Structure formats: structure tokens, C-alpha cells
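Peer 1:
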Amino acid sequence: MNGLILIDKAGGCTSHDVVNRWRKLAGTKRVGHLGTLDPMATGLLVLVTGTATRLAQFYGKSEKTYLAEITLGAVSDTYDAEGEIILLDAALPPADTILAALNEFRGKLLQTPPPVSAKKIGGVPAYKLARQKIAVELTPVEVEVKQLAVRSLAENKLAIRVTCTAGTYIRSIAHDLGQRLGCGALLSCLRRTHAGEYSVEQARTLDQLAALASEQRLAEALIPISQMLPDIPSEHFDAVIETHIRQGRDFRTSPFVVPPGAPLVKALSRSGDLIAIGELKIPNLYHPGTVF
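Mapping the sequence shown onto the working numbering, position 151 (from 1) lands on 162, and the numbers just tick up by one.
(1) Excluding the 5 residues flanking R34 on each side, which residues of the same chain have their C-beta closer than 7 Å to its C-beta?
(2) Mapping DSSP to helix, strand and coil, what is E365?
(3) For D91, write down the residues that DSSP places opposite it in a beta bridge.
(4) For a quick check, are the C-beta atoms of A214 and L66 less than 9 Å apart?
(5) Can the beta-carbon of L285 be found closer than 9 Å to that of I236?
(6) Hey, would you say M12 sits closer than 9 Å to L229, going by beta carbons?
(7) Is T62 helix, strand or coil when you go by DSSP?
(8) By DSSP, does Q122 sit in helix, in strand, or in coil?
(9) Considering D107, what are the terminal residues of the alpha helix (DSSP H) in which it resides?
(10) For P151, which residues of its own chain have a beta-carbon under 7 Å away from its beta-carbon, when the five flanking residues on both sides are left out?
(11) In whole angstroms, give me the CA-to-CA distance for L15 and T60.
(12) For Q238, which of helix, strand or coil comes out of DSSP?
(13) Residues in the same chain with beta-carbon distance under 6 Å from L192, minus the five sequence neighbours each way, listed in chain order, please.
(14) Using a Cβ-Cβ cutoff of less than 7 Å, which residues in the same chain neighbour L45 once the five nearest sequence positions on both sides are dropped?
(15) If I'm right that V154 touches P126 with Cβ under 8 Å, what's the distance once you round it to whole angstroms?
(16) By how many angstroms is the C-alpha of P50 removed from the C-alpha of E166?
(17) Which residue or residues does DSSP assign as beta-bridge partners of F262?
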């Protein structure tokens with residue numbers, strides 16, 4: 012069970028819960044994820060399992076797309092509906108004011124993560140400090156919202172579709188929007204639909220995966236290592252070169268197969284198995300940085 016698994020996460024469970032369930036289903040301890048989801052959130056959770064965990068480092072900057080619902084006129088300590096909610100008496104602004112304010116959240120911006128988040132302060136996750144009632148001060152980080160489209164706006168409910176860089180908190184967008192408008196806001200619903208090249212339509216629920224496992228068909232849900240990272244060019248090598256690569260020796264690629272100057276290359280065996288991820292040294296000469 013070495014590869015990538017796409018899971019349609021249900022609400023009410025943590026990403027760690029999903030990882031643990033997969034460990035039991037697949038009978039493996041080697042599992043990682045390519046971006047967590049809050050317990051309230053649903054949708055696409057991408058796991059790497061077995062030796063594929065060594066490829067997680069190459070997915071760090073994948074864009075994510077979300078469908079979100081923002082409730083105006085309320086705030087919470089977690090910036091979403093899971094926290095301690097306080098209803099505000101402030102009048103809601105007109106629709107055109109709300110829509111205009113969203114322009115501030117498009118493009119590159121400095122965003123402060125929620126106080127209840129996995130961001131670490133002195134090596135301790137901020138949410139652990141928040142639970143101990145210890146005040147936290149998180150440093151703003153640059154994120155980019157590449158698309159923010161309004162799906163609907165009715166009464167105090169705003170539905171949006173957001174495509175953003177990794178590390179962007181939709182909860183912070185909701186909270187900061189409420190601050191800008193002066194009426195308060197929190198995230199009331201969130202679903203991730205895309206992560207990089209993967210879509211939630213390709214994913215399976217944990218119950219569906221359990222059904223496959225009971226029929227000894229769990230491998231059907233696995234995207235094999237050789238099909239991961241499709242944007243990295245690849246080349247097949249014979250058994251002699253494969254041995255050299257596995258020994259950590261530099262290898263050459265064909266300029267007719269791998270574009271000269273490509274920073275990474277997937278070295279594949281004649282049968283299509285992934286041998287290594289090569290790192291560019293000089294044009295068409297690569298060092299096997301990650302070997303399988």
C-alpha cells in the first residue's frame with residue numbers, strides 16, 4: 012500500500028482521526044497528509060501512505076479550493092461555528108458594502124492565523140496554549156487568494172468559493188471580513204473541493220474504503236507512486252542505470268524526453284516503477300535525492 016489516497020472527510024472528526032482509521036484499514040504506520048482540515052470542515056483530505064510519505068515534501072505549495080459559508084453578525088474565539096459564539100447587535104451593512112469589502116481579500120495579503128490553530132509558538136501549537144487560556148500572538152504571514160467568487164448572499168449568510176495558496180486560513184478571512192464591516196463574522200461551513208491536481212470527486216469516504224477493505228480490494232483506491240507528481244517530467248531507464256541510481260550515482264536524461272533545466276525528474280524503471288526523484292545539477296544531469 013504505497014501511494015496516495017483521496018478521502019472525502021466527514022464533519023466532526025479530526026484529520027488525525029482519519030489518518031488513524033486509514034492506518035487500521037491499510038495495516039500500516041507510515042501515513043502522512045498533505046494539509047489538514049479542521050474538525051468542522053468536510054471534503055478532500057489527501058493522504059500519502061507507505062513509502063510515498065517521502066514524496067510529501069514535493070506537495071508543500073499545492074493550491075487549495077474551498078466552498079465556504081460565512082455568517083455575519085456573530086464572532087467566536089475559534090473564528091468558526093465550533094467555538095464560543097457571541098451574537099452581536101451591530102446592524103448588517105448593505106450587500107454592495109459587503110461585496111466591496113471582499114476585494115481586500117483577493118490577491119496577496121498578510122494574514123494572521125486564528126489563535127486556535129496548529130501554528131506553533133515556541134514549539135507548542137497555538138490551540139494548546141489557547142485551551143490553557145494563555146494569550147497568543149501569532150505573526151502575520153503572506154498568503155495569496157487567487158480567486159474569491161461570491162456564490163450567494165442572503166440575509167446574514169455569505170457563500171463564497173476560494174482558491175488560495177497552502178497555509179491560508181478561511182476562518183481568518185471570515186473573521187477579518189467581519190472586522191472590516193464592523194458587524195462581526197465567523198465561518199459556519201467549509202468544504203475543500205480541490206487540492207493541487209486532485210478533486211473531491213475522485214475521493215472516497217472512510218465507509219467506502221472500509222467496504223473495499225472488507226472485500227480485499229483496498230488497493231483499488233490507491234494512486235500508485237509512479238502516478239504521483241504528474242507535473243514532474245519522467246524518463247525510463249534500463250536495469251544497469253537503475254542500479255546506478257539506487258547506489259546514489261548521478262544520471263543523465265535525454266534532452267528529447269526531459270526539458271533541459273527541469274529542476275526535478277522522476278526516474279522510472281522499464282516496468283514503470285519509481286526509482287528516484289532526481290535533483291538538477293547541470294542541464295540533463297541529475298542527482299538521486301530521494302530513492303525508492
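Quick reminder that beta carbons are idealized off the backbone N, C-alpha and C, glycines included. Keep in mind that this is a model prediction, so the values were computed, not measured.
Peer 2: So, from the data block:
(1) The sequence position of residue 34 within the sequence shown is 23, counting from 1. The answer, listed in chain order, is K40 and V42.
(2) Residue 365 cannot be examined here, being either before or after the span of the chain that is shown, 12 to 303.
(3) Reading the sequence shown from its first residue, position 80 is the one you call residue 91. Paired residues: L198.
(4) Residue mapping note: residue 214 aligns to position 203 of the sequence shown, counting from 1. Residue mapping note: residue 66 aligns to position 55 of the sequence shown, counting from 1. The answer is no: Cβ separation not under 9 Å.
(5) Mapped onto the sequence shown, residue 285 falls at position 274. Mapped onto the sequence shown, residue 236 falls at position 225. Yes. Within cutoff.
(6) Residue 12 sits at position 1 when you count from the first residue of the sequence shown. Residue 229 sits at position 218 when you count from the first residue of the sequence shown. In this structure, L229 lies closer than 9 Å to M12 by Cβ.
(7) As a position in the sequence shown, residue 62 is number 51, starting the count at 1. Three-state result, T62: helix.
(8) By 1-based counting over the sequence shown, the position of residue 122 is 111. The answer is strand: DSSP assigns Q122 an E or B state.
(9) Position 96 of the sequence shown, counted from the start, is the residue given in the question as residue 107. Residues A106 to A112.
(10) Translated into the one-based positions of the sequence shown, residue 151 becomes position 140. Counting only Cβ-Cβ distances below 7 Å, and skipping sequence neighbours, we find L121, Q122 and T123.
(11) In the sequence shown, counting from the first residue as 1, residue 15 sits at position 4. In the sequence shown, counting from the first residue as 1, residue 60 sits at position 49. Distance between the alpha carbons of L15 and T60 is about 6 Å.
(12) Stepping through the sequence shown from its first residue, residue 238 is reached at position 227. Three-state result, Q238: helix.
(13) In the sequence shown, residue 192 corresponds to position 181, counting from 1. Only P104 and A112 meet the Cβ criterion.
(14) Counted from its first residue, the sequence shown places residue 45 at position 34. These residues qualify, in order along the chain: V57, V59, A67, Y70, S73 and A206.
(15) Position 143 of the sequence shown holds residue 154. Position 115 of the sequence shown holds residue 126. Not a contact, Cβ separation roughly 17 Å.
(16) Along the sequence shown, one-based indexing puts residue 166 at 155. Along the sequence shown, one-based indexing puts residue 50 at 39. The alpha-carbon atoms of E166 and P50 are separated by roughly 26 Å.
(17) Counting from 1 along the sequence shown, the entry for residue 262 is found at position 251. Answer is Y297.
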